[in-house]
Every structure is written in C-alpha cells, then in structure tokens.
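With this note's numbering, the residue at position 253 of the sequence shown is 279, and numbering never jumps.
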Amino acid sequence: MAAKPDIVTLDQIGAFDTLIDARSPAEFALDHLPGAINLPVLDDEERRIVGTLYKQTGAFEARRIGGAWVARNIARHIEAVMQDRPAGWRPLVYCWRGGQRSGAFALWLRQIGWAAAQLQGGYKGYRRWVVEQLDALPPTLDWRVIAGPTGSGKTRLLQALAARGAQVLDLEALARHRGSILGAWPDGQPQPSQKAFDTALVDALRRFDPARPVWVEAESRKIGAVQLPESLTRALQAAPRVLLQVPFAARLALVLQDYAWLGRDPPALAQRLLALRGLQSNETLARWQAWALAGQLPPLFAELMQLHYDPLYQRALARAAAAPVCTVTLPDLGAQALDRAATALLRDCAAAPAHP
27 MAAKPDIVTL
37 DQIGAFDTLI
47 DARSPAEFAL
57 DHLPGAINLP
67 VLDDEERRIV
77 GTLYKQTGAF
87 EARRIGGAWV
97 ARNIARHIEA
107 VMQDRPAGWR
117 PLVYCWRGGQ
127 RSGAFALWLR
137 QIGWAAAQLQ
147 GGYKGYRRWV
157 VEQLDALPPT
167 LDWRVIAGPT
177 GSGKTRLLQA
187 LAARGAQVLD
197 LEALARHRGS
207 ILGAWPDGQP
217 QPSQKAFDTA
227 LVDALRRFDP
237 ARPVWVEAES
247 RKIGAVQLPE
257 SLTRALQAAP
267 RVLLQVPFAA
277 RLALVLQDYA
287 WLGRDPPALA
297 QRLLALRGLQ
307 SNETLARWQA
317 WALAGQLPPL
327 FAELMQLHYD
337 PLYQRALARA
347 AAAPVCTVTL
357 PDLGAQALDR
367 AATALLRDCA
377 AAPAHP
C-alpha cells in the first residue's frame, strides 16, 4: 500500500508539476490558487447533500454516501485527465482545509505510483497567507502613480511604459472594471470576487522587483465592486504622482472610443445613469437620459466629463497627499505621443524619490 501523502507548505509549490484543486466548482470559481486546475471530488450538489447529511444524520452516513461519490469522481478524473501523465509526474492537491477531500485524492494518486502531495492548510491556509501578503508587500515597492482626468490615456500610457520594459500594475485589468458608474467591462463580463481579485493582486505584486519603480494608475479605494487593500491605498496616496494634461477634444475622442459599446443598448445606458440621481439635478439627468436613449453619445459624454468626472478628479487631486513629481502634456493620445511620454517618464521620473 502506498504511504500517506506528504504534507507540504506554500513555499514548496514550485516543486510540483500540477496544482489540483479538489474543491467543488463553485468554490473554485470564487477563488483558487494561481495556475490550479479544478478536479472536484464532489460537485456542488453532492457537496450540499453530504453537508446536509452530516448535520442531520451524522458523520458516518455522510461519509458512506460521500465516499462512493468521491471514489467515482476521482476515477473519472484519472481516466479523463491523467492517462498521459508519466510515472515521474508530481501533483499537489488541496481542498478547503487540507483535509479529507484532498487527502483522499492524493492517496489514490500515490496508490497508482505518482508522488502526489497534499497542501498544508488547504485553500483556507492559502487565503490567510494572501491577506498577510496584501498588508506586507505594498510598502516594500517603489510606486509611481499616474493621475489625470477621465479620458487622459492613463491606461494607454501604462501600456506604453510596459512596452518599454517598465514594471506596471494595471489594477483595472485585474478588477475588470474602469472604476466609474459606466466602468463595467463590455459584453457583461463580470468582475472577479474580492478573494479572486486579492489572489491576482498578490500574484502580481510578488513578481515586481523592489529595486525598480512600479507604475500604476491613480484609483479610488474601490474599483467597481472590489476594494483595494488598505496597505496599497496608503502606499499609493504617499507615492510621487505624474499628472497628465491632455486637450479636452482628445480626451472626449478617447472616451467615445472606449465606451462606444454602451451605445449598443440605449435603454441600459439610460438606466445606468440613474446612479447619478442626487449628484446631478433632475433636469441634467433627464437631458442625459434623453441623449442616451437617442444614441447621442458625444454630447452625453462631453457633459458627463465636464459636470461629473472632472470635478471629481479635481477634488481627488486636492486631497492627494503627495505632490506631483512630473507633469506630462500630451498634444494627442496617438501611439507616437504616448511612446514619447513613456520614454520621457522613464528618463526623468523613474529615479524620483519614493517619498519626496
């Protein structure tokens, strides 16, 4: 009989070929370790039934029923996923606490002859580690914050910096949201859960070299439904800022390009604008909704920028703790202008002190 699986810690993950999440699909969808594949030993309904049995009739009945399902599901995964794995394959399995689900899976794999191991503490232990990292990592990095009003090309400038080899953190890409009332991702793409956002953020932060600046866009504490960790918020508030100055016409053209998809569903756009009730007069809101329903995006977005987004930006700028270290004036937001701006920033602003 194969020996019980080894119990390994998070810092040993790199020694394994495949990371297997044995939890249910719903648990996996909420969050999982980066790079893991989901091979559940109980699906969502089976897990619900076993949990109910455990509470109502006791552990033995739950394990009797659940054990058969676990065995059947593990066998199915072995047949469907693992038939081409060589004898030297090393899988690491985890579940919620590093208990029975991952233990059973790893034991079966070891019975076959693979050097399977079990992650100590499971996902719950990993989640504790993520929370610790979210607090510890941001103060160790040398941040540069790019600020500017709506449509000033902050994300595009980050992309230009990344193309020139700079370290860049795109928080809106991680959050799948632009951080405003109209900031949802196109085509109904949902935001990640808070836990999944935290996982992706830690994964990104750990890749940065603390000896080099990290460029990031100025953000509020929340990006859509997800929230930045307090440690990162404090670090960005104290970091040197780059202020972008862009002609209004160029900004409006960019906004119309980025948000053109909203015009495909005028009633939905008009409904979204109701979030501004109480922040704008009823007369202004009615005008904006009429433009939305008529598909008249240029006047709608122009007034949204002038009456809503630009005043918000000016107030946020006044509250910023750090003085600007650079001001960049862009005549337009074409690729050449952004590349020149990125070159100038890396030449003139990358070496600025982290805490002026």
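The beta carbon of each residue, even a glycine, is placed where N, CA and C say it ideally should be.
Since we're looking at a predicted model, the values are computed, not measured.
Notebook entry, point to check: Ala230 to Ser246, Cα distance in whole Å?
Noted result: If you number the sequence shown from 1, residue 230 lands on position 204. If you number the sequence shown from 1, residue 246 lands on position 220. Straight-line Cα distance between these residues: approximately 19 angstroms.
Check: What three-state label does DSSP hand Pro236 in the structure shown?
Finding: Reading the sequence shown from its first residue, position 210 is the one you call residue 236. Coil, per DSSP.
Next item on the list: Below 8 angstroms on the Cβ atoms is my guess for Leu200 versus Phe234; work out the distance and round it to an integer in Å.
Entry: Here residue 200 corresponds to residue number 174 of the sequence shown, with the count starting at 1. Here residue 234 corresponds to residue number 208 of the sequence shown, with the count starting at 1. In fact, because the Cβ distance is near 14 angstroms, the residues do not count as touching under 8 angstroms.
Checklist line | Which of helix, strand or coil DSSP assigns to Ile75 | finding: As a working mapping, residue 75 is identified with position 49 in the sequence shown. In the structure shown, Ile75 sits in a helix (DSSP, three-state: H, G or I).
Next item on the list: Keeping to the same chain, check which residues put their C-beta closer than 7 angstroms to that of Gln215; ignore five residues upstream and five downstream.
Entry: Working through the sequence shown from its first residue, we reach residue 215 at position 189. Around Gln215: Arg202.
Check: Is it true that the stretch 168 to 176 meets the stretch 331 to 341, where meeting means three or more beta-carbon pairs spaced less than 8 angstroms apart?
Finding: yes
Item checked: Same chain, Cβ closer than 6 angstroms to Leu65, five either side skipped, listed in chain order -> As a position in the sequence shown, residue 65 is number 39, starting the count at 1. The residues are Ile46, His103.
Item checked: Separation of Asp196 from Leu262, as counted between CA atoms -> Numbered from 1 along the sequence shown, position 236 holds the residue referred to as residue 262. Numbered from 1 along the sequence shown, position 170 holds the residue referred to as residue 196. Leu262 and Asp196: Cα-Cα distance of roughly 13 angstroms.
Next item on the list: Would you identify the three-state DSSP class for Trp211, choosing helix, strand or coil?
Entry: Working through the sequence shown from its first residue, we reach residue 211 at position 185. Note: Trp211 maps to coil in three-state DSSP.
Check: Could you give the distance in angstroms between the alpha-carbon of Val76 and the alpha-carbon of Ala294?
Finding: The residue you call residue 76 lines up with position 50 of the sequence shown. The residue you call residue 294 lines up with position 268 of the sequence shown. If I take the Cα positions, the gap works out to 42 angstroms.
Checklist line | Start-to-end residues for the beta strand (DSSP E) that takes in Gln193 | finding: Locating residue 193 in the sequence shown gives position 167, where the first residue counts as 1. From DSSP, the beta strand (DSSP E) with Gln193 extends over 193 to 195.
Notebook entry, point to check: Alpha carbon to alpha carbon, how far is Leu145 from Asp32?
Noted result: Start at 1 with the first residue of the sequence shown, and residue 145 comes out as number 119. Start at 1 with the first residue of the sequence shown, and residue 32 comes out as number 6. Rounded to whole angstroms, Leu145 to Asp32 spans 8 angstroms at the Cα level.
Margin query: Just verifying my parser: in three-state terms, what is the DSSP assignment at Leu254?
Written below: By 1-based counting over the sequence shown, the position of residue 254 is 228. Coil, per DSSP.
Notebook entry, point to check: Which ranges would you report for the beta strand (DSSP E) in the stretch 158 to 198 if only whole runs of at least 3 residues count?
Noted result: 168 to 173, 193 to 195
Next item on the list: Count the other C-beta atoms from every protein chain shown that fall within 10 angstroms of the C-beta of Leu319, then say buried if there are 16 or more, exposed otherwise.
Entry: The residue labelled residue 319 in the question sits at position 293 within the sequence shown. By the 10 Å Cβ count, Leu319 comes out exposed.
Check: Where DSSP assigns a beta bridge to Asp47, which residues make up the other side?
Finding: As a first step, residue 47 is located in the sequence shown; it is residue number 21 there, counting from the start. Its beta-bridge partners are Asn64, Tyr120.
Note to self: Within a Cβ cutoff of 7 angstroms, which residues of the same chain sit near Gln315, ignoring the five residues on either side of it in sequence?
What the structure shows: Here the question's residue 315 lines up with position 289 in the sequence shown. Counting only Cβ-Cβ distances below 7 angstroms, and skipping sequence neighbours, we find Ala296, Leu299.
Check: Who are the Cβ neighbours of Leu79 in its own chain at under 7 angstroms, not counting the five residues just before and after it?
Finding: In the sequence shown, residue 79 corresponds to position 53, counting from 1. Counting only Cβ-Cβ distances below 7 angstroms, and skipping sequence neighbours, we find Glu87, Ala88, Ile91.
Notebook entry, point to check: How many angstroms separate the CA atom of Ala380 from the CA atom of Arg238?
Noted result: Here residue 380 is taken as the residue at index 354 of the sequence shown, counted from 1. Here residue 238 is taken as the residue at index 212 of the sequence shown, counted from 1. Reliability fails at Ala380, whose pLDDT of 42 lies under 50, so the model's placement of it is uncertain and the value that follows must be treated cautiously. Near 11 angstroms, if we compare the C-alpha coordinates of Arg238 and Ala380.
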